Amino acid sequence: MVREDGKRNFALRASSGEEESVFSGNTPRQAALKAARRLEPGSSEDAADRTELRLREKGTDKVHIYDGWAWEETAPDDKPDWMPDEITEANVSKKGIDHLDE
Numbered sequence: 001m002v003r004e005d006g007k008r009n010f011a012l013r014a015s016s017g018e019e020e021s022v023f024s025g026n027t028p029r030q031a032a033l034k035a036a037r038r039l040e041p042g043s044s045e046d047a048a049d050r051t052e053l054r055l056r057e058k059g060t061d062k063v064h065i066y067d068g069w070a071w072e073e074t075a076p077d078d079k080p081d082w083m084p085d086e087i088t089e090a091n092v093s094k095k096g097i098d099h100l101d102e
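Numbering (UniProt numbering), first residue to last: 1 to 102.
Pasting the structure below:
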């Protein structure tokens with residue numbers, strides 16, 4: 001279901017089917033990137049562990065499936081004062097869409 005501001009809500013599903021968190025975004029990928037930033041970061045993008053993320057779009061039976069990974073990186077030189085020196089970056093790769101049978 002689309003909110004008034006155009007964003008949609010996506011529930012992060014565990015392998016048991018339990019929905020742990022909700023992420024919002026204009027697209028499923030945007031929500032998946034937010035979820036991926038919460039993963040345990042690796043020392044670099046190549047060293048980061050890939051984790052499957054299953055996001056159910058609220059109000060539908062669609063489950064968007066991504067591989068996500070996160071890594072630590074040095075903040076840019078022109079960073080704001082509040083930003084730490086080390087930041088977490090993330091990326092995702094779409095694997096497909098499932099439909100719930102429930």
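Quick reminder that beta carbons are idealized off the backbone N, C-alpha and C, glycines included. Fair warning: this is a prediction, and the values are worked out from it, not measured in the lab.
{"Check": "Let me know the beta strand (DSSP E) ranges lying completely inside the segment 3-49, each 3 residues or longer, listed in chain order.", "Outcome": "8-13 and 19-25"}
{"Check": "Reducing DSSP to helix, strand and coil, say where Leu-100 ends up.", "Outcome": "coil"}
{"Check": "Among Pro-80, Arg-54, Trp-82 and Ala-90, which has the Cα closest to the Cα of Trp-71?", "Outcome": "Ala-90"}
{"Check": "Are the beta-carbon atoms of Ala-31 and Leu-53 separated by less than 7 Å?", "Outcome": "no"}
{"Check": "Note down, in chain order, each residue of its chain lying with its Cβ closer than 8 Å to the Cβ of Lys-58, except the 5 sequence neighbours on either side.", "Outcome": "Met-1, Arg-8, Asn-9, Phe-10, Ala-11 and Val-22"}
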